[in-house]
Amino acid sequence: MTGDQGASEQSSALRQPAEQPIAAQQPATIDQSAIDGLAARLSPGALTTDPDIVAAHARDEALFCPHEGAIALVRAASVDDVAEVMRFATANRVPVVPQGARSGISGGANGSQGAILLNVSRMNQVVAVNEAERLVTVQPGIINQDLKNHLAPYGLSYPPDPGSVALSSIGGNIATNAGGLCCVKYGVTRDYVRSLRVVLADGTVTTLGPQTAKGVAGLDLRHLFIGSEGTLGIIVEATLRLVPALPDPLTAVATFPDERTGLQTVADFMAAGGVPSLLEFLDASSLSMLNEFGDFGLDAEAGSMLIMQVDENPFDSQSTMEMFAEVAQRCGALDVAYSDDPADSAALVAARRMIQPAYERFAHAHGGGQLLDDVCLPRMAMPEFCDRLNELRSRSGLTIALVAHAGDGNTHPSVFFDASDADETAKAQEVFGDIMRAGLELGGTITGEHGIGYLKREWLSEELDAGAQRIQLAVKTALDPLGILNPGKMFARVQPSARP
Ligand SMILES: Cc1cc2nc3c(=O)[nH]c(=O)nc-3n(C[C@H](O)[C@H](O)[C@H](O)COP(=O)(O)OP(=O)(O)OC[C@H]3O[C@@H](n4cnc5c(N)ncnc54)[C@H](O)[C@@H]3O)c2cc1C
137 MTGDQGASEQ SSALRQPAEQ PIAAQQPATI DQSAIDGLAA RLSPGALTTD PDIVAAHARD
197 EALFCPHEGA IALVRAASVD DVAEVMRFAT ANRVPVVPQG ARSGISGGAN GSQGAILLNV
257 SRMNQVVAVN EAERLVTVQP GIINQDLKNH LAPYGLSYPP DPGSVALSSI GGNIATNAGG
317 LCCVKYGVTR DYVRSLRVVL ADGTVTTLGP QTAKGVAGLD LRHLFIGSEG TLGIIVEATL
377 RLVPALPDPL TAVATFPDER TGLQTVADFM AAGGVPSLLE FLDASSLSML NEFGDFGLDA
437 EAGSMLIMQV DENPFDSQST MEMFAEVAQR CGALDVAYSD DPADSAALVA ARRMIQPAYE
497 RFAHAHGGGQ LLDDVCLPRM AMPEFCDRLN ELRSRSGLTI ALVAHAGDGN THPSVFFDAS
557 DADETAKAQE VFGDIMRAGL ELGGTITGEH GIGYLKREWL SEELDAGAQR IQLAVKTALD
617 PLGILNPGKM FARVQPSARP
């Protein structure tokens, strides 16, 4: 938040960025022969300047984020390709935009003026599975679900499961510290990264973090790269911690007359010591949009719904179920039902994963606009956040639907609007900002898992205090002195001269 923690610690090292602000460097003009020379040093066919192909790879899933101006696309096939691109970029001061599967929703993988799009999707192999140490080493482009499928025969699991599990890459997951549905029990991507191999801005290839369970040799640079959104270097290999295959869960579904009682149930259940392996919230608008999208058999009359799973041993699972039912009923649940049939559980989770296509269908029928937010809150603040959303709905007249990885307070309000109507579009953008402001006022963060990218760059300095902003810029400057790594994104509005 905009507090002053650490703001008085103005060491000269931290002040340095004020004197040397990281501006996005003016890209030098690159002539075709230099590009041809780079292409010749890369894997055959890795580089293209075909404008249609470059344009087709120049954006992720976010709205309102510019993506024009890239001069080339490199589909790297090896670490050498990545290092070669970075050496070229440093020598010629060319911006580079790292890309995984481009499923991001903050514009982080979008092209920018004069940039090379450096896509690592082709580097998608499992390098090694170490069953004894429960580790896997992968290239960055592997899709999360493909990794899960690869590990299943070993009886091992890589838990992080973003809603985009079938779309997004492990490199992108690491670069955004992706969360997901099971994080309430199993943690986020950060909790599974043992070691990273990265290519720095000047082409240096280095390994960050030991593969051992513990390690405190030097500063923890590996964690700096997790969630760095392509602004510090390119992740070219990762060694990840695994767990034994996750057991089949028991599933409970509770419906409520309104949103507040559903969210109060989450807060009370977690405060009472509940340990769910999944706890998802859907409001009435989301249920209605899902029912419009497919035959999921969801209660169309409910004001909100919780899906809760638990995967402890049978005795503990049963008592957690009973505790959940008791808390839900005390909060005013309309109905609570259980199932221990894995098919029922899978169907419910599959329905939850269909929420974004259902939203897209609704948006398509109502003018095409959807802004998806990502405010993470203390769980106890979620009912009040819900009141704030109701105020915004009344004031703006816009549809705002809410789903949440509620067990860890991570809400995803979606604002729908007619994208062909300039006034309504402006209103939706304002509401999008108001949602983040409400999150900050309630002790939350503007992004729980989607990242800053371009979409939220104006807001980072609202959340970080002056000291934190100076540290962020000092780190960025140390690792990317020319400002060539993903310029114009995360740090673009952080204040080098921020003062307490
Ligand atoms: C339907 C849907 C559901 C989603 N659900 C979730 C969810 O539940 N939880 C969640 O956290 N996110 C979710 N997302 C957002 C998105 O999928 C994640 O942010 C994901 O981690 C992005 O991975 P990617 O491979 O697509 O990365 P990209 O979109 O290609 O890139 C994302 C960022 O990482 C950087 N980057 C990518 N690869 C590298 C690399 N190898 N080295 C350095 N930087 C790199 C890029 O520059 C960019 O800044 C969802 C998206 C969609 C479309």
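Each residue of the sequence shown is one higher than the last, beginning at 137 in the working numbering.
Even for Gly, the Cβ is constructed at its ideal location relative to N, Cα and C.
Nonlocal neighbours in the same chain, by C-beta distance under 6 Å from Ala494, ignoring five residues either side: The residue you call residue 494 lines up with position 358 of the sequence shown. The answer, listed in chain order, is Met425, Leu426, Phe429.
Buried or exposed: Thr547, going by 16 or more other Cβ atoms within 10 Å of its Cβ? By one-based count along the sequence shown, residue 547 stands at place 411. Taking all protein chains shown into account, Thr547 has 16 or more neighbouring C-beta atoms within 10 Å of its C-beta and is therefore buried.
Burial state of Val630 (16 or more Cβ within 10 Å): Indexing the sequence shown from 1 puts residue 630 at position 494. Looking at its Cβ environment, which holds 16 or more other Cβ atoms inside 10 Å, Val630 is buried.
With H, G and I counted as helix, E and B as strand and the rest as coil, what does DSSP make of Ile607? As a position in the sequence shown, residue 607 is number 471, starting the count at 1. Helix.
To which residues of the same chain is Val329 closer than 7 Å at the C-beta, ignoring the five residues directly before and after it? Residue numbering aside, residue 329 sits at position 193 when the sequence shown is read from its first letter. Within the same chain, Val329 has close Cβ partners Ile310, Arg358, Ile362, Ala374, Leu376.
Is it the case that the Cβ atoms of Leu609 and Met518 are separated by a distance below 8 Å? The sequence position of residue 609 within the sequence shown is 473, counting from 1. The sequence position of residue 518 within the sequence shown is 382, counting from 1. The answer is no: Cβ separation not under 8 Å.
Arg211: beta carbon under 7 Å from a heavy atom of ligand 1? The sequence position of residue 211 within the sequence shown is 75, counting from 1. No, ligand 1 has no heavy atom inside 7 Å of this Cβ.
What separation, rounded to the nearest whole angstrom, lies between the Cα atoms of His203 and Leu618? Reading the sequence shown from its first residue, position 67 is the one you call residue 203. Reading the sequence shown from its first residue, position 482 is the one you call residue 618. Roughly 21 Å separates the two Cα atoms.
Verify whether the separation of the beta carbon atoms of Gly366 and Asn622 is less than 8 Å. Position 230 of the sequence shown, counted from the start, is the residue given in the question as residue 366. Position 486 of the sequence shown, counted from the start, is the residue given in the question as residue 622. Going by C-beta atoms, Gly366 is nearer than 8 Å to Asn622.
Measuring from the CB of Arg237, is there a heavy atom of ligand 1 at a distance below 7 Å? Residue mapping note: residue 237 aligns to position 101 of the sequence shown, counting from 1. A small fix is needed here, since residue 237 is Ala in this sequence, not Arg. It does: the Cβ of Ala237 is within 7 Å (strictly closer) of some heavy atom of ligand 1.
Going straight from the alpha carbon of Cys467 to that of Ser421, what length do you get? Taking the first residue of the sequence shown as 1, we reach residue 467 at position 331. Taking the first residue of the sequence shown as 1, we reach residue 421 at position 285. Roughly 21 Å between the two C-alpha positions.
If you follow the beta strand (DSSP E) that Ser475 is in, where does it begin and where does it stop? What you label residue 475 is simply residue 339 of the sequence shown in a count that begins at 1. Where Ser475 is concerned, the enclosing beta strand (DSSP E) stretches over 471 to 475.
Straight-line gap, Gln281 to Ala302 (C-alpha atoms, nearest Å): Counting from one through the sequence shown, the residue named residue 281 turns up at place 145. Counting from one through the sequence shown, the residue named residue 302 turns up at place 166. Their backbone Cα atoms lie some 5 Å apart in a straight line.
What are the start and end residues of the beta strand (DSSP E) that includes Arg333? Within the sequence shown, numbered from 1, the residue matching residue 333 stands at position 197. Here the beta strand (DSSP E) through Arg333 covers 329 to 335.
Residues bridged to His541 by DSSP? In the sequence shown, residue 541 corresponds to position 405, counting from 1. Answer by DSSP bridge pairing, in chain order: Asn546.
Would you mind sorting Thr342 into buried or exposed? The rule is 16 or more other CB atoms within 10 Å of its CB. Your numbering for residue 342 matches position 206 in the sequence shown. By the neighbour-count definition (other C-beta atoms within 10 Å, threshold 16), Thr342 is an exposed residue.
Whole-number beta carbon distance between Leu287 and Val274, since they are thought to touch under 8 Å: Here residue 274 is taken as the residue at index 138 of the sequence shown, counted from 1. Here residue 287 is taken as the residue at index 151 of the sequence shown, counted from 1. No, Val274 and Leu287 are not in contact; Cβ-Cβ is about 10 Å, not under 8 Å.
Measure from the alpha carbon of Thr397 to the alpha carbon of each residue in Gly277, Ala464, Ala487, then state which is nearest. For the purposes of this step, residue 397 is taken as residue 261 along the sequence shown, with counting starting at 1. It is Ala464 whose Cα lies nearest to the Cα of Thr397.
Looking only at its chain, what residues have a beta carbon closer than 6 Å to the beta carbon of Ala473, apart from the 5 residues adjacent to it on each side? The residue given as residue 473 occupies position 337 in the sequence shown. Within the same chain, Ala473 has close Cβ partners Val389.
According to DSSP, is Cys318 helix, strand or coil? Counted from its first residue, the sequence shown places residue 318 at position 182. Cys318 falls in the coil class under three-state DSSP.
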